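Enquirer: Below is a structure I'd like to ask you about.
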Amino acid sequence: KFNLVSTKIGSSMKSVGEVMAIGRNFEEAFQKALRMVDENVYGFDPYIKEVNENELKEPTDKRMFVLAAALKNNYTVEKLYELTKIDRWFLEKLKNIVDYYEILESIPSGSIPYDILKCAKQIGFSDKQI
Numbered sequence: 068k069f070n071l072v073s074t075k076i077g078s079s080m081k082s083v084g085e086v087m088a089i090g091r092n093f094e095e096a097f098q099k100a101l102r103m104v105d106e107n108v109y110g111f112d113p114y115i116k117e118v119n120e121n122e123l124k125e126p127t128d129k130r131m132f133v134l135a136a137a138l139k140n141n142y143t144v145e146k147l148y149e150l151t152k153i154d155r156w157f158l159e160k161l162k163n164i165v166d167y168y169e170i171l172e173s174i175p176s177g178s179i180p181y182d183i184l185k186c187a188k189q190i191g192f193s194d195k196q197i
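With this note's numbering as the guide, the letters of the sequence shown map in order to residues 68 to 197.
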């Protein structure tokens, strides 16, 4: 959104916005927050960015999508912890979202069973994501 602003995240304050989302669990709140930041983002999408270990090491505003791609490409939580130093608890929660993405992708469109749809909604998947 701001072309002349560095995308690296550090200790200095930047007035580029913040978001608050409320959900019954971390996964739901996180996906809602992502949708609020950018109207073109539907949630924690593993197809927005490609896996790049250098981008995983550097905190930026787009690192979460590189993280999603890495999880989709079978990076382990331990490997991602080594690269990012993000707490394993958060990485496990993000992995839950990507794992459920794969469940949804395995179902033929238009025939999602109620229990799978309910769980998808409970972890924050929007109608557009589903």
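Even glycine gets a Cβ: it sits at the ideal position worked out from N, Cα and C. Computed from a predicted model, the values in this text were never measured in an experiment.
Taking its Cβ as the centre, do 16 or more other Cβ atoms sit within 10 Å of residue 112, making it buried, or is it exposed?
Expert: Under this definition residue 112 is a buried residue.
Enquirer: Tell me whether the beta-carbon of residue 94 lies closer than 8 Å to the beta-carbon of residue 191.
Expert: Taking 8 Å as the Cβ cut-off, residue 94 and residue 191 qualify as a contacting pair.
Enquirer: On the DSSP letters alone, give me the boundaries of the alpha helix (DSSP H) that residue 179 sits inside.
Expert: That residue, residue 179, is in no alpha helix (DSSP H); it is neither H nor E in DSSP.
Enquirer: Compare the beta carbon distance of residue 96 and residue 117 with 8 Å and say whether it is the shorter of the two.
Expert: For residue 96 and residue 117, no; Cβs fall outside 8 Å.
Enquirer: Within 7 Å: the Cβ of residue 165 and any heavy atom of the ligand COA?
Expert: In the structure shown, the ligand COA is absent, as is every other ligand, since no ligand is present at all.
Enquirer: Output the distance between the C-alpha atoms of residue 126 and residue 144, rounded to the nearest integer angstrom.
Expert: Spanning the two alpha carbons is a distance of roughly 17 Å.
Enquirer: Measuring CA to CA, which of 156, 152 and 119 is closest to residue 139?
Expert: Here the closest residue by C-alpha is 119.
Enquirer: Kindly indicate which three-state DSSP category residue 127 falls into: helix, strand or coil?
Expert: In the structure shown, residue 127 sits in a strand (DSSP, three-state: E or B).
Enquirer: What residue does the alpha helix (DSSP H) around residue 87 start on, and which one ends it?
Expert: Run containing residue 87: none; DSSP gives neither H nor E here.
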